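Protein sequences, first through last, are from chains R and F.
Residues 1 to 447 in the UniProt record's numbering are what the first sequence lists, from first letter to last.
Residues 1 to 411 in the UniProt record's numbering are what the second sequence lists, from first letter to last.
For each residue, glycine too, the CB sits at the ideal point set by N, CA and C.
Here the structure is a predicted model, which is why all the values come from computation and not from measurement.
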Amino acid sequence: MSETHAETAFARKAPVAFVAEGEIPASPPPMNAVGPVKWIRDNLFPGPVNAILTILSLIFIVFVAYEILPWLIDSSWSPAEMSLAGCRAEASGACFAVINERFPQFFFGFYPQDLYWRPSLAFGFLLLALWPVLFESAPRKLLFFSAIYPVLGYWLIWGGTIWGPLAVLAAPVVGWLIYTRLGGLCERLVGEAFGPLMTLIAAVLAVIVWGLFLVIPIDEALSAIAPIALQHVPSAKLGGFLLSLIIGVVGIAASLPFGIALALGRQSNLFIVKALSVGFIEAMRGVPLITLLFVASTLLNYFLPPGTNFDLILRVCIMVTFFASAYMAEVIRGGIAALPKGQYEAADAMGLTYWQSMRLIILPQALKISIPNIVSTFIGLFKDTTLVIVIGLLDPLGLSSAIRADANWNGVVWELYGFIALFFFIFCFGMSRYSQYLERKLRTDHR
Amino acid sequence: MTVSATARPEHGFRLSQLIYDTRYRSTTIQVVAMFAFMLAVGWVVNNAIQNLEALGKSFSFSFLFSTSGYDVNQRLLEYSSQSTHGRAAILGILNTLVLALVGCITATILGVLAGVARLSKNWIVARLMTVYVEGFRNVPVLLWIIVITAMVNESMPSPRDYRGVETGAFVFTNRGFYFPEALFSHGLGDLDLGLFKVSLDLMAIIAVLAAGIYAAKRIGRAADVKQAETGVRPRVFWYRVAAIFLPTIALLLFLGFHIGYPELAGFNFKGGTFLRDSFIGLWLALSLYTGAFIAENVRAGIQAVSKGQTEAAYALGLRPSRTMKLVILPQAMRVIVPPLISQYLNLTKNTSLAIAVGYMDATGTLGGITLNQTGREMETLLLLMGFYLIISLSISFVMNVYNERMKLRER
Numbered sequence: 001m002s003e004t005h006a007e008t009a010f011a012r013k014a015p016v017a018f019v020a021e022g023e024i025p026a027s028p029p030p031m032n033a034v035g036p037v038k039w040i041r042d043n044l045f046p047g048p049v050n051a052i053l054t055i056l057s058l059i060f061i062v063f064v065a066y067e068i069l070p071w072l073i074d075s076s077w078s079p080a081e082m083s084l085a086g087c088r089a090e091a092s093g094a095c096f097a098v099i100n101e102r103f104p105q106f107f108f109g110f111y112p113q114d115l116y117w118r119p120s121l122a123f124g125f126l127l128l129a130l131w132p133v134l135f136e137s138a139p140r141k142l143l144f145f146s147a148i149y150p151v152l153g154y155w156l157i158w159g160g161t162i163w164g165p166l167a168v169l170a171a172p173v174v175g176w177l178i179y180t181r182l183g184g185l186c187e188r189l190v191g192e193a194f195g196p197l198m199t200l201i202a203a204v205l206a207v208i209v210w211g212l213f214l215v216i217p218i219d220e221a222l223s224a225i226a227p228i229a230l231q232h233v234p235s236a237k238l239g240g241f242l243l244s245l246i247i248g249v250v251g252i253a254a255s256l257p258f259g260i261a262l263a264l265g266r267q268s269n270l271f272i273v274k275a276l277s278v279g280f281i282e283a284m285r286g287v288p289l290i291t292l293l294f295v296a297s298t299l300l301n302y303f304l305p306p307g308t309n310f311d312l313i314l315r316v317c318i319m320v321t322f323f324a325s326a327y328m329a330e331v332i333r334g335g336i337a338a339l340p341k342g343q344y345e346a347a348d349a350m351g352l353t354y355w356q357s358m359r360l361i362i363l364p365q366a367l368k369i370s371i372p373n374i375v376s377t378f379i380g381l382f383k384d385t386t387l388v389i390v391i392g393l394l395d396p397l398g399l400s401s402a403i404r405a406d407a408n409w410n411g412v413v414w415e416l417y418g419f420i421a422l423f424f425f426i427f428c429f430g431m432s433r434y435s436q437y438l439e440r441k442l443r444t445d446h447r
Numbered sequence: 001m002t003v004s005a006t007a008r009p010e011h012g013f014r015l016s017q018l019i020y021d022t023r024y025r026s027t028t029i030q031v032v033a034m035f036a037f038m039l040a041v042g043w044v045v046n047n048a049i050q051n052l053e054a055l056g057k058s059f060s061f062s063f064l065f066s067t068s069g070y071d072v073n074q075r076l077l078e079y080s081s082q083s084t085h086g087r088a089a090i091l092g093i094l095n096t097l098v099l100a101l102v103g104c105i106t107a108t109i110l111g112v113l114a115g116v117a118r119l120s121k122n123w124i125v126a127r128l129m130t131v132y133v134e135g136f137r138n139v140p141v142l143l144w145i146i147v148i149t150a151m152v153n154e155s156m157p158s159p160r161d162y163r164g165v166e167t168g169a170f171v172f173t174n175r176g177f178y179f180p181e182a183l184f185s186h187g188l189g190d191l192d193l194g195l196f197k198v199s200l201d202l203m204a205i206i207a208v209l210a211a212g213i214y215a216a217k218r219i220g221r222a223a224d225v226k227q228a229e230t231g232v233r234p235r236v237f238w239y240r241v242a243a244i245f246l247p248t249i250a251l252l253l254f255l256g257f258h259i260g261y262p263e264l265a266g267f268n269f270k271g272g273t274f275l276r277d278s279f280i281g282l283w284l285a286l287s288l289y290t291g292a293f294i295a296e297n298v299r300a301g302i303q304a305v306s307k308g309q310t311e312a313a314y315a316l317g318l319r320p321s322r323t324m325k326l327v328i329l330p331q332a333m334r335v336i337v338p339p340l341i342s343q344y345l346n347l348t349k350n351t352s353l354a355i356a357v358g359y360m361d362a363t364g365t366l367g368g369i370t371l372n373q374t375g376r377e378m379e380t381l382l383l384l385m386g387f388y389l390i391i392s393l394s395i396s397f398v399m400n401v402y403n404e405r406m407k408l409r410e411r
């Protein structure tokens, strides 16, 4: 049919009078279909409702700018007299001199001034330790440094003898030595069948005994022989962003493994393990962090053997870790649940054990799926470090009220809050950007 | 091959099978876990008993019935410093619930508006909403609570400034906001339930209103039946309005309803409904903060609805607003609701930050002053955590029921 049509059309074709030799040059589009005018019409005034919204938004922006800009521009950073009165004498706007003067205090709290280099160094080392964890481009050998960083950072910030932290660091080494070197001995003692298991139990017990009973005597003995020590700084002196960072980083680093363990427990087939995990997760998620902080400050010592008294910051870190790992567990459980059943079946079909299939097949994919939520949990945890103000620790917010109580700075409000907000914004926004980068990097499906 | 398969094992049950045989291993692990857990609990409880004994403290809740001796500044029930600690705790719990309820409502409204606006084609509106969401999400909620309460305190005039000034029905001062209140010149009085009193006026109004709404529904159903029979729908709109409002208005007139305005008396306003500055600061801050998170949930939910649905709705000639309301939002709700549950939970738990600005919620009364006065950390914190656990579990239960009902029915 179509052929006949084409033929008839060809046959009927009239003789051609004119054939264009070249292309006609493209004429410019009409003025209102291109450029800023078109953009404004499309994006700001597509309809009457949008026009009203645009105008309202513009009025709002102009109003805010009118209120804030003069305040920002007419600010004073270092007046002759470092006080609010000095600021007011020079400029009517913001008095950033308070931040200028109290800058070290904001970062280090009441840490001794001549020792500021120690937390600064610890922070520098923290960045170095994070580098191989966060970015693939870093030299892999730095991971060793990341492993010893917790002890190193603790020693730098709190001071004291070096032998205590070193003894703590030695605990996993002791366990590893027993596990690898004394395996044969154990097998000879209890027989082939129980050999490996006994070795494992012996190694774990050795680590526990080492940590609970040997660290302190070893520390004391070695300190008596070779007193290598930094000046001890008590926890009450810590404050400011240093405190937020300590609690935040400890909570973030410790809650991820705990959270993974809880998530696996919750997804487990073993009824009792599952019930215990669910109970822990729901109890932690069901109460506000503040009540857990109250527990840390007033109640935790009751649950430990009489006479135990350990540091408030450590207690807070423990409760924050519990709290965050419950959230982490739910996030990771979502990731595990999102995996298609075929992945589990494939792992089983290959004959992998439970731990092998989790380590090699399930968890890498589940963690990748949950990255955005893991990072938002991290962000939430880091923001929640400000809550320690309610149990009297001097976080940045607590410091700001202390500064406002100073007669010199009585009446300064917005500068302090603005500064703290900016600090948290930079960290949290940075984290969320990093998670987006990670998502892009780990995207293995080709969409 | 066949020999080994049919041959009986040489030994009977060996102990190592408990660990290496997959038939027994899970039981072994569970028993060990149970033992470890019991040991840990026993250890903790034993420590607690020893420590309490060493301090000479007992474990009892009798402090709840002793005189509290402190004042609660925002109260929904009768309370004085002669009341008991238990009553103070109930007051605090009510304050928490009120704050959580109004906060959840405003946060949802704000969040839905902001989430939809962030996807708007209007460039400037979308950018503004991005700034709002990122700004609130990345700064601690405690900071927002303190800042917004400070804003209320700094920007509003003090009650003193109203001296000699004509005030309207609504008065905004730095100590709080005053609204007109409902008064009844010959009310029915209160019903004393022992623990607290119930206003009979309020009960009567609620009962009449509920009856009116029921009647209106019946009228609507009668109209449906008539429409089904005859094909013509009778106009009943005004009847329904009358069924709802006329009895209520009649009751209000009978009770002698009038509006009480706040008036400056001495150093402060008297009369009217009073909302404290701390309540307003908390309410605004929690709504704005949670609203930013809900906005992101709403955005994710809307983006999860496939574009074909929008296109189909446009092809049918629906306007964008109706497309959003009738096509996109109902489908997006399935994605939005589960994270919305946890946002409600978060807001409820964040109300405990009220302690930072002096609003007396459950944490402020039970976990704050009562704890400090009686020194009973164990009991007060157990009660407090139990209260929050009950709220959290019931919110998630209610929302899960809703979620189950809204779920997509598939094969």
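Among the options, nearest to residue i - alpha-carbon criterion
| i | options | result |
| --- | --- | --- |
| E134/F | F424/R, G35/R, Y437/R | F424/R |
| I244/F | A216/F, H258/F, R221/F | A216/F |
| F333/R | M431/R, G398/R, Q343/R, I281/R | The sequence given here places Arg at residue 333/R; Phe does not occur at that position. The option with the nearest alpha carbon to R333/R is I281/R. |
| I145/F | E229/F, G42/F, L286/F | L286/F |
| P227/R | L152/R, T161/R, W39/R, L352/R | T161/R |
| A170/R | L130/R, L214/R, Q436/R, P364/R | L214/R |
| Q373/F | N47/F, T84/F, L39/F | T84/F |
| F257/F | S66/F, P180/F, I148/F | P180/F |
| V357/F | Q356/R, K341/R, W176/R, V390/R | V390/R |
| A329/R | S400/R, I313/R, V295/R, S255/R | S255/R |
| I216/R | A167/R, S297/R, A17/R, P15/R | A167/R |
| A206/R | Q365/R, G184/R, G175/R, V37/R | G175/R |
Pairwise C-alpha distance: residue j and residue i
| i | j | result |
| --- | --- | --- |
| L264/R | F378/R | 20 Å |
| F110/R | V152/F | 32 Å |
| V131/F | Y344/R | 42 Å |
| L91/F | N268/F | 24 Å |
| L156/R | T321/R | 22 Å |
| R440/R | L197/R | 42 Å |
| L128/F | N122/F | 10 Å |
| F106/R | D114/R | 16 Å |
| R443/R | Y437/R | 10 Å |
| P139/R | S146/R | 12 Å |
| A347/R | A337/R | 15 Å |
| Q303/F | R266/R | 31 Å |
| M360/F | G111/F | 27 Å |
| F108/R | F429/R | 23 Å |
| V295/R | Y302/R | 10 Å |
Own chain partners of residue i with C-beta closer than 6 Å, once the 5 adjacent residues on each side are dropped
| i | result |
| --- | --- |
| C87/R | S76, P79, C95, A97 |
| P339/F | N297 |
| V305/F | I328, Q331, A332 |
Same chain only: Cβ atoms within 8 Å of residue i, ignoring 5 sequence neighbours per side
| i | result |
| --- | --- |
| M333/F | G301, M406 |
Other residues of its chain near residue i: CB distance less than 7 Å, five sequence neighbours each side excluded
| i | result |
| --- | --- |
| L222/R | W163 |
| M1/R | Residue confidence for M1/R is low, a pLDDT of 45 falling below 50, so the modelled location carries little weight; the figure read from the coordinates is stated next. Counting only Cβ-Cβ distances below 7 Å, and skipping sequence neighbours, we find nothing. |
| Inside the stretch 135-219 of chain F only - beta strand (DSSP E) runs reaching at least 3 residues | 171-173, 176-179, 181-184, 190-192, 197-199
| message | If contact is defined by three or more beta carbon pairs under 8 Å, each pair taking one atom from either stretch, is the stretch 118-131 of chain F in contact with the stretch 370-385 of chain R? | response | no
| the stretch 261-276 of chain R in contact with the stretch 28-46 of chain F per 3-pair CB rule at 8 Å | yes
| said: I'd like the ranges of any beta strand (DSSP E) spanning at least 3 consecutive residues and lying wholly in the stretch 251-296 of chain F. | reply: 257-260, 263-265, 268-270, 273-276
| request: Go through the stretch 78-127 of chain R residue by residue and report every complete run of the alpha helix (DSSP H) that reaches 4 residues or more, in order. | output: If we require 4 residues or more, the alpha helix (DSSP H) runs fully inside the stretch 78-127 of chain R come out as 84-90, 97-108.
| task | Note down, one range per segment and in chain order, each alpha helix (DSSP H) of at least 4 residues found wholly within the stretch 175-260 of chain R. | result | 183-190, 195-209, 215-225
| query | Taking one C-beta from the stretch 311-324 of chain F and one from the stretch 343-359 of chain F each time, how about it: are there three or more such pairs within less than 8 Å? | reply | no
| query | Could you give the uninterrupted runs of the beta strand (DSSP E) lying entirely in the stretch 17-45 of chain R, keeping only those of 3 residues or more? | reply | Listed in chain order, nothing qualifies, since the stretch 17-45 of chain R has no complete beta strand (DSSP E) run of 3 or more residues.
| request: Pick out the complete beta strand (DSSP E) segments inside the stretch 379-428 of chain R, 3 residues or longer, and give them in chain order. | output: none
| query | Is it a yes or a no for the stretch 290-310 of chain R touching the stretch 387-405 of chain R, going by three-plus beta-carbon pairs under 8 Å? | reply | yes
| query | Touching or not, the stretch 302-309 of chain R and the stretch 401-410 of chain R, by the rule of three or more beta carbon pairs under 8 Å? | reply | No, they do not touch.
| said: I'd like the ranges of any alpha helix (DSSP H) spanning at least 4 consecutive residues and lying wholly in the stretch 77-145 of chain F. | reply: 85-118, 123-137
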